[in-house]
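K.L.:
Chains as they are written, first to last, in the working numbering: chain A, 208 to 603; chain B, 375 to 754.
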Amino acid sequence: MDLAFTKEEQAFREEVRQFFRDNVPPDTRRKMVEGRHLSKDEMVTWWRILNKKGWGVSHWPKQYGGTGWTSVQHYIFNEELQSYPAPQPLAFGVSMVGPVIYTFGNEEQKKQYLPRIANVDDWWCQGFSEPGSGSDLASLKTKAERKGDKWIINGQKTWTTLAQHADMIFCLCRTDPGAKKQMGISFIVFSMKSKGVTVRPIQTIDGGVEVNEVFFDDVEVPVENLIGEENKGWDYAKFLLGNERTGIARVGVSKERLRRIRDLAGKVESGGKPIIQDAAFREKLAACEIELKALELTQLRVVADEGKHGKGKPNPASSVLKIKGSEIQQTTTELLMEVIGPFAAPYDVHGDDGSNEAMDWTAQIAPSYFNNRKVSIYGGSNEIQRNIIAKAVLGL
Amino acid sequence: MDFDLNEEQRLLKDSIDGLLTDSYDFESRKKYMMEKGGWSKTVWLKLAEQGLLGLPFAEADGGFGGGGVETMIVMEALGKALVLEPYLATVVIGGGFLRHAGTDAQKAAHVPGIIDGSKTLAFAQLEKNSRYDLFDVATTAKKKGDGWVIDGEKFVVLNGENADTLIVTARTKGERRDKAGIGVFLVPANAKGVTKKSYPTQDGLHAADITLTGVEIGPDAVLGNPEDSLALIERVVDEARVALCAEAVGLMDESLKTTVEYIKTRKQFGVAIGSFQSLQHRASDMFVAAEQARSMSMFATMAGDFENAKERSNAIAAAKVQIGKSLKFVGQQAIQLHGGIGMTMEAKIGHYFKRLTMIENSFGDTDYHQRRVADGGGLI
Ligand SMILES: Cc1cc2nc3c(=O)[nH]c(=O)nc-3n(C[C@H](O)[C@H](O)[C@H](O)COP(=O)(O)OP(=O)(O)OC[C@H]3O[C@@H](n4cnc5c(N)ncnc54)[C@H](O)[C@@H]3O)c2cc1C
Ligand SMILES: Cc1cc2nc3c(=O)[nH]c(=O)nc-3n(C[C@H](O)[C@H](O)[C@H](O)COP(=O)(O)OP(=O)(O)OC[C@H]3O[C@@H](n4cnc5c(N)ncnc54)[C@H](O)[C@@H]3O)c2cc1C
């Protein structure tokens, strides 16, 4: 047992950090720190910088542009990226559909999609959830019917994150209505510009628009856009959801926020002195930092296990990472609310025009608190994670 | 970075797990509790036979040169089996003082007896008003000729009844809460002026309140610098905290396992109660709490070797906080999920709960350590 990073790993961390310092556009970083939404342009610009460096799809196999890093290197890269902070690669392309395509797709599909995913030439979105199918995803109803050399797609997806930017969607569609729930589903990809696709924005409680409803009305999709085998889509979806094990803890994100809280708490006054000098506040902050430390170690245990025994089947420990990681993220936003106190109320009055520098940092704190309620809902809600632990770990 | 045990450590784990499976089922434990001092000399000698009592001592001193990980393995196993024997008091704490501050002569006088199981130790530190502050010492040690005279009262001294030697903290200089002026002394338990009142503790261990009245000891009884040993005490107590964290992880593992087995078999409403989702989610949360605790126990074990005392203490305090929160949740819910049977002495789960609870209040509780981390500038 040895929890120290090797010299090489430490040097790698320094290299990564330096690259971020030199290359992340400062305004992008500032907006991330302040919890603001980034424009499509800002995100794509940064991802292309990352891709040019060869780090855009770091965890892919080398032949498709990956880095060949060890599990520990991936961990370090993610942590530094999250805590710098800079936008993480677009998960829908890089972490979700990319691995499905290079694992289950044919050569033609790999050639067609993978390089474009890496360079974000296509912005992908995830068409899984439907109004009637959230946690019980396998009950989904969106239909794809084979007509000659086309799929005809009808139905509705919802909660589709950033579909307003998307060029492509990967979609779970029912292709065999007679089969049992999980058996008749296929994994089909197509252009969001196709005729019959309508995107309607949904405003979330923070006031932002990051999710959408997506309607399909007789959308025609070439048959070759099926990934893998017909009616095996559920297996690919499970593979996709189980793939993202350690990123979900978002330790780096919470670390960055805790540093920010400590910094702000040294400036904002309460009772005539900085709020950090209030013992009750300080202890709450310490409590959160301790939970995060424990989570970081739990995550490292999973990373080390992967490094040693390979990424076999999904590790139920990832449910621990999801539950604790989301709880801690939410706690950090609560602590920020506590720091800001009565100035939580103004509703982004100044916008991002720099007109009120002194109060700029307050604008996104309440929205960020509201927005972060999502993290225990999506990606398999925390209740679903508890079901997984009960079944897969405890055998209940 | 590597969380796996090496070959030797795996063997160590197998050997202690094997020994305890053979000799420490719940029924045997009840019998050991009735023996003198509340634990079994026979089991103690078996631990000695397997070399476990010599584990942390240097090879030059007759030990096995084991480090933090080895102690963690043993303490986890002792926790899992709810062991009563004074490993913490004798090997971890007593041994710790001798390892860090003992002269060759002191080691020669005490270590062989620890290793062969013939002698046990006890740490007489807690005072009526000191609570968790290690520097709060009212007991005095006054110079007399070459030696010292000790006066004071010590409370809840684990293994105080059986120990052959007491390790006593006493003030040689200054006021009750001064950080300087504290010494550590090896006092024979049968020295003139030592009186003991023994009793079983809530978790089935045994402790004693000890009064020292004009106890005279020689110059060879001083461990380290008699006027400035707070750092030494903190170091050894930190090691004790790390060991307690590991013991608690073992206790939590067994509590969760026992509880899950119970709810799989207990039937109400015509089905196993483990089929109710509210209980499943509770058990899942117990698992999460236990895993977070395990991570921090490992972290604390590593931190035991940190050169920088402040970083070491901060990390171990953080671990004690996580362990304290986790053990409270796991312990309480283990009882809850057992229903009425969890309230009885007959079922073993309650005994795990009680030991866990006492660990929270040993060498600093959750609030105490949380405050230390907070005042020390945090952990990020
Ligand atoms: C901000 C945001 C972004 C999203 N982005 C995407 C996206 O890009 N693409 C996409 O496909 N989806 C996306 N989702 C959808 C997300 O995956 C679903 O919200 C999630 O699966 C939960 O489904 P639901 O909202 O229908 O809630 P429901 O499934 O209706 O759940 C409601 C409540 O019941 C609980 N519950 C449900 N089943 C059980 C059970 N068996 N046991 C115990 N409790 C249960 C849930 O935990 C929850 O608390 C996003 C969601 C949000 C909030
Ligand atoms: C100190 C004490 C005094 C008592 N005094 C009396 C008395 O004077 N007279 C008398 O008749 N009884 C008495 N009782 C018995 C008491 O009413 C029972 O303990 C209680 O009804 C629970 O039953 P159980 O212990 O069999 O637990 P179980 O019913 O086996 O329950 C075990 C666990 O499963 C949970 N559980 C059970 N069913 C469900 C479900 N459907 N959904 C979710 N969770 C479930 C319970 O909440 C509990 O956590 C006493 C109990 C105690 C501990």
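Glycine included, every Cβ here is placed at the ideal spot set by N, Cα and C. Being a predicted model, the structure only gives us computed values, none of them experimental.
Please find out if some non-hydrogen atom of ligand 1 comes closer than 7 angstroms to the beta-carbon of N594 (chain A).
P.N.:
Because some heavy atom of ligand 1 lies under 7 angstroms away, the Cβ of N594 (chain A) counts as near it: yes.
K.L.:
From A:R381, A:S342, A:Y443 and A:V223, pick the residue whose C-alpha is nearest to that of A351 (chain A); which is it?
P.N.:
For the residues A:R381, A:S342, A:Y443 and A:V223, the minimum Cα distance to A351 (chain A) belongs to A:R381.
K.L.:
Is DSSP giving N563 (chain A) helix, strand or coil here?
P.N.:
Its pLDDT being 49, under 50, N563 (chain A) is placed unreliably by the model, and nothing is read from it.
K.L.:
Return the Cβ separation of A657 (chain B) and V634 (chain B) in integer angstroms, given the expectation that the two are a contact with Cβ distance under 8 angstroms.
P.N.:
Their Cβ separation, rounded to whole angstroms, is 6 angstroms, which keeps A657 (chain B) and V634 (chain B) in contact under 8 angstroms.
K.L.:
What first and last residue would you give for the alpha helix (DSSP H) that runs through G403 (chain A)?
P.N.:
G403 (chain A) -> no alpha helix (DSSP H), and no H or E assigned at all.
K.L.:
What residue does the alpha helix (DSSP H) around L429 (chain B) start on, and which one ends it?
P.N.:
Here L429 (chain B) belongs to no alpha helix (DSSP H), and DSSP marks it neither H nor E.
K.L.:
Could you name the residues of the same chain whose beta carbon sits closer than 6 angstroms to that of R615 (chain B), not counting the 5 residues immediately before and after it, in chain order?
P.N.:
Excluding residues within five positions, the ones whose Cβ falls inside 6 angstroms are I690, K694 and F737.
K.L.:
From V304 (chain A) to E222 (chain A), what does the alpha carbon distance come to, in whole angstroms?
P.N.:
Looking at the two C-alpha atoms, the distance is approximately 29 angstroms.
K.L.:
So, does the CB of L609 (chain A) fall closer than 8 angstroms to a CB anywhere in chain B?
P.N.:
Given a span of 208 to 603 for chain A in the structure shown, any question on residue 609 (chain A) remains unanswerable.
K.L.:
Any residues in the segment 364–389 of chain A with a beta carbon nearer than 7 angstroms to a beta carbon of chain B? Which ones, in chain order?
P.N.:
Taking 7 angstroms as the Cβ-Cβ cut-off against chain B, none of the residues of the segment 364–389 of chain A qualify.
K.L.:
Could you spell out the range, first to last residue, of the beta strand (DSSP E) harbouring E352 (chain A)?
P.N.:
Here the beta strand (DSSP E) through E352 (chain A) covers K350 to K354.
K.L.:
For F673 (chain B), collect the residues of the same chain with a Cβ closer than 7 angstroms to its Cβ; drop the 5 residues on either side in sequence, then sort them by chain order.
P.N.:
The answer, listed in chain order, is A689 and A693.
K.L.:
Can you tell me which residues form a DSSP beta bridge with L532 (chain B)?
P.N.:
Answer is B:A581, bridged to L532 (chain B).
K.L.:
Using a Cβ-Cβ distance cut-off of 8 angstroms, determine whether D376 (chain B) contacts chain A.
P.N.:
Yes, D376 (chain B) lies at the interface with chain A (some Cβ there is under 8 angstroms from its Cβ).
K.L.:
For F680 (chain B), which residues from the same chain have a beta carbon less than 6 angstroms from its beta carbon, with the 5 sequence-adjacent residues on both sides left out?
P.N.:
Correct list, in chain order: R686.
K.L.:
Tell me whether I308 (chain A), by its Cβ, gets closer than 7 angstroms to a heavy atom of ligand 1.
P.N.:
Not so, every heavy atom of ligand 1 lies at least 7 angstroms from the Cβ.
K.L.:
Among B:L462, B:V611 and B:V466, whose alpha-carbon lies nearest the alpha-carbon of Y506 (chain B)?
P.N.:
For Y506 (chain B), the nearest C-alpha among the options comes from B:V611.
K.L.:
Consider the C-beta atom of S629 (chain B) and the heavy atoms of ligand 2; say whether any pair is separated by less than 7 angstroms.
P.N.:
No, ligand 2 has no heavy atom inside 7 angstroms of this Cβ.
K.L.:
Here's the rule: buried if 16 or more other CB atoms are within 10 angstroms of the residue's CB, otherwise exposed. What is F643 (chain B)?
P.N.:
Exposed, since its Cβ has fewer than 16 Cβ neighbours within 10 Å.
K.L.:
For chain B, check one thing: does any of its Cβ atoms lie closer than 8 angstroms to the Cβ of A472 (chain A)?
P.N.:
No, because no Cβ of chain B sits closer than 8 angstroms to the Cβ of A472 (chain A).
K.L.:
E459 (chain B) by DSSP, collapsed to three states: which one?
P.N.:
Looking at E459 (chain B) - three-state DSSP - the assignment turns out to be coil, as it is neither helix nor strand.
K.L.:
Could you give the DSSP three-state label for I697 (chain B): helix, strand or coil?
P.N.:
Here I697 (chain B) sits in helix by DSSP.
K.L.:
Can you determine whether any heavy atom of ligand 1 sits closer than 7 angstroms to the C-beta of Y585 (chain A), and answer yes or no?
P.N.:
Yes; taking the cut-off as 7 angstroms, the Cβ of Y585 (chain A) has a heavy atom of ligand 1 nearer than that.
K.L.:
For P460 (chain B), tell me which candidate among B:G437, B:I647, B:I488 and B:P600 has the shortest Cα-Cα distance.
P.N.:
Minimum Cα distance to P460 (chain B) is reached at B:I488.
K.L.:
Give the straight-line distance between the Cα atoms of T464 (chain B) and A475 (chain B), rounded to the nearest whole angstrom.
P.N.:
When rounded, the distance between both Cα atoms is 15 angstroms.
K.L.:
Run down chain A in chain order and give the residues with a C-beta less than 7 angstroms from the C-beta of A582 (chain B).
P.N.:
Per Cβ cutoff of 7 angstroms: no residues; A582 (chain B) is ~34 angstroms from chain A at best.
K.L.:
Could you check what DSSP says for E420 (chain A) in three-state terms: helix, strand or coil?
P.N.:
Here E420 (chain A) sits in strand by DSSP.
K.L.:
Could you tell me which uninterrupted beta strand (DSSP E) segments, each at least 3 residues in length, are contained entirely in the segment 455–520 of chain B, listed from first to last along the chain?
P.N.:
Runs of the beta strand (DSSP E) inside the segment 455–520 of chain B: 495–498 and 514–518.
K.L.:
Under DSSP, the beta strand (DSSP E) around Q363 (chain A) begins and ends at which residues?
P.N.:
K357 to K364 is the extent of the beta strand (DSSP E) around Q363 (chain A).
K.L.:
Less than 7 angstroms separating the Cβ of E534 (chain A) from some heavy atom of ligand 1?
P.N.:
For ligand 1, not one heavy atom lies less than 7 angstroms from the Cβ of E534 (chain A).
K.L.:
Quick check: does the Cβ of F650 (chain B) come within less than 7 angstroms of any heavy atom belonging to ligand 2?
P.N.:
Within the cutoff, so yes.
K.L.:
Under 6 angstroms Cβ to Cβ from Q225 (chain A), same chain only, skipping five residues before and after it: list those, please.
P.N.:
Taken in chain order, the list of residues that qualify is empty.
K.L.:
May I ask which residues mark the beginning and end of the beta strand (DSSP E) holding A544 (chain B)?
P.N.:
Where A544 (chain B) is concerned, the enclosing beta strand (DSSP E) stretches over T539 to R545.
K.L.:
Per DSSP, E527 (chain B) is paired with what?
P.N.:
Paired residue(s): B:T585.
K.L.:
Can you list, in chain order, the residues of its chain with a C-beta nearer than 7 angstroms to that of I529 (chain B)? Leave out the 5 residues immediately preceding and following it.
P.N.:
The identity of residue 529 (chain B) in the sequence shown is Phe, whereas the question assumes Ile. The residues are L500, E501, K502 and D583.
K.L.:
How is the alpha helix (DSSP H) around R323 (chain A) delimited, first residue to last?
P.N.:
First-last of the alpha helix (DSSP H) with R323 (chain A): E314 to A325.
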